[in-house]
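Residues 1 to 61 in our numbering are what the sequence shown lists, from first letter to last. By construction, the Cβ of each residue, glycine as well, lies at the ideal position given by its N, Cα and C atoms.
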Amino acid sequence: MKREGPWPAFDLVMGVLWTVVVIVRVWERAGLAVILLNGILALFFYIRAAVQAFKNRWTRK
Numbered sequence: 001m002k003r004e005g006p007w008p009a010f011d012l013v014m015g016v017l018w019t020v021v022v023i024v025r026v027w028e029r030a031g032l033a034v035i036l037l038n039g040i041l042a043l044f045f046y047i048r049a050a051v052q053a054f055k056n057r058w059t060r061k
């Protein structure tokens, strides 16, 4: 089902908002969950940086 109209990204926005809500709820529990979340975030940024560097290496040739 494709969504027509000015807000095709509505589902994406709702998904992001829901993720933020879940993260906040987990953050309130604190402890290991926070460490785990920070670890996942750091890993995500490291992977993204690696992918960017890889792309740059290929486009230079």
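Item, Value
"Express the C-alpha separation of W58 and T50 in angstroms, rounding to a whole number.", "Residue identity differs from the one stated: residue 50 is Ala in this sequence, not Thr. Using only the alpha carbons, I get a separation of about 13 Å."
"Would you decide whether A53 is buried or exposed? Buried here means 16 or more other CB atoms lie within 10 Å of its CB.", "exposed"
"What does a CB cutoff of less than 8 Å around R29 pick up in its chain, not counting 5 residues either side in sequence?", "none"
"Find out if the Cβ-Cβ distance for the pair V26, L37 is shorter than 8 Å.", "yes"
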